[in-house]
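Numbering (this note's numbering), first residue to last: 60 to 403.
Every residue, glycine too, gets a C-beta built ideally from N, C-alpha and C.
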């Protein structure tokens, strides 16, 4: 049964966002809004272990639960011990539906999409996210508005910068100083197959095209250990190019925060760059479910230029990891947009 009452003063709220890095970054405005609406409440966030550090540093979050650390039985018990008044699922699957039901929360908020969700989310809304008519962050905020629309409208939506801490700041400063790197560009060429992207060879062409105009511009390739061989291939084919293998998401955030410009595809690191209000050139497909409308860098429009290589290519293969239609003209356009961001 649906509950249409406005939630006034809950003692404890759980917010769940248990998918990828970019999804969690785009949830920060919604999580922050909850605390602004209910400053006295205890606010807990359910996340995946690998991206939990993104939210651990926020002062407005009282506890972070990494769901991978528990068996399902242990996790349900952990959640029930919190005695939440409200459970908010910003992302929903069968596992989260079960956690919401077992949480004991009086109010359960989430997207009404799966048949079971209509019985579990008593303050749910239909969102039709597959239509991709707004940013993922806005879909998240629409769910928060369900708590109390008047309270929601009385508060300002903000994009709180990810706190990466002094230790990570110092690691990046040491790396930059030891290599005499200043006013650099971060390029994150990898996407893990989550979206369409340039190939490694196309990123090499892009860097060399940038260096045709500004040969001394320093480029830092950000990478994980899984992609280090490809990063080394890029470095060996380009001048004035360095590699930084980040040991954590927050190290990567510190590296990005100190750059002059960020270049990458529609990935978690790009959303970190957007959260930190960096100048960005981002490569996105035209397909609406993967588009900049749905997955753009929320709150960073004035700093971001989007390259849409397939905007005129009907019937493109969106299961492929790379575009397959990248011409020298597209590489040149991307390089020119990067230089405009740097010096325009």
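Where residue 178 is concerned, the enclosing alpha helix (DSSP H) starts and stops at 176–179. The alpha-carbon separation between residue 206 and residue 92 amounts to approximately 11 Å.
A contact is defined here as three or more CB-CB pairs under 8 Å, and the segment 294–302 fails this definition with respect to the segment 320–333. The count of Cβ pairs closer than 8 Å, one atom from the segment 99–114 and one from the segment 71–91, reaches three, so the stretches are in contact.
By a beta-carbon distance limit of 8 Å, residue 246 contacts residue 280. Their separation comes to about 6 Å.
Note on the segment 189–258: whole alpha helix (DSSP H) runs with a minimum of 4 residues are 195–204, 208–212, 224–238, in chain order. Annotation: residue 380 to residue 86 spans about 25 Å, alpha carbon to alpha carbon. The shortest CA-to-CA distance from residue 316 to any of 235, 270, 343, 255 is the one to 235. Distances from the CA of residue 382 to each of 388, 126, 363, 343 were compared; the closest alpha carbon is that of 343. The three-state secondary structure of residue 103, taken from DSSP, is strand. In this structure, the straight-line span from the alpha carbon of residue 179 to that of residue 357 is close to 30 Å. When Cβ pairs closer than 8 Å are counted between the two stretches, the segment 208–226 is seen not to touch the segment 285–292, the count staying below three. Following the DSSP letters along the chain, one finds residue 402 inside the alpha helix (DSSP H) bounded by residues 387–402. The residues 79, 80, 83, 308, 327, in chain order, have a CB closer than 8 Å to that of residue 110 in the same chain once the five nearest residues on each side in sequence are set aside. With respect to the 7 Å criterion, residue 366 and residue 391 are not classified as neighbours on the basis of their beta carbons.
Per DSSP, the unbroken alpha helix (DSSP H) holding residue 292 starts and ends at 287–296. Residue 345 sits in coil when the DSSP states are folded into three classes, being neither helix nor strand. Take the alpha-carbon of residue 336 and the one of residue 193: they are about 20 Å apart. The three-state secondary structure of residue 166, taken from DSSP, is strand. Taking all protein chains in view, the Cβ of residue 261 is crowded by 16 or more other Cβ atoms within 10 Å, so the residue is classified as buried. When the five nearest sequence neighbours on each side are left out, the beta carbons in the same chain lying within less than 7 Å of the beta carbon of residue 258 are those of 381, in order along the chain.
The shortest CA-to-CA distance from residue 360 to any of 378, 117, 347, 339 is the one to 339. With a 10 Å radius around the Cβ and a threshold of 16 neighbouring Cβ atoms, residue 131 comes out exposed. In this structure, the straight-line span from the alpha carbon of residue 142 to that of residue 136 is close to 10 Å. According to the DSSP secondary-structure assignment, residue 339 is paired through a beta bridge with 321, 363. With fewer than 16 other beta carbons inside 10 angstroms of its own, residue 175 counts as exposed.
Taking each of 112, 191, 76, 221 in turn and checking the Cα distance to residue 154, the smallest one comes out for 76. The straight-line gap separating the alpha-carbon atoms of residue 89 and residue 200 is approximately 5 Å. The shortest CA-to-CA distance from residue 297 to any of 275, 282, 313, 306 is the one to 275. Counting along the chain, no beta strand (DSSP E) covers residue 183, and no H or E run does either.
Close CB contacts of residue 227 within its chain, under the 8 Å cut and outside five residues either way in sequence, are with 307, 309, 310, 312, 313 (chain order). Closest by C-alpha distance to residue 210, out of 372, 94, 273, is 94.
Ranked by how close their Cα comes to the Cα of residue 283, the residues 250, 271, 242 have 250 in first place. Collapsing the DSSP output to three states places residue 68 in coil. Nearest in C-alpha terms to residue 96, of all of 66, 187, 253, 352, is 66.
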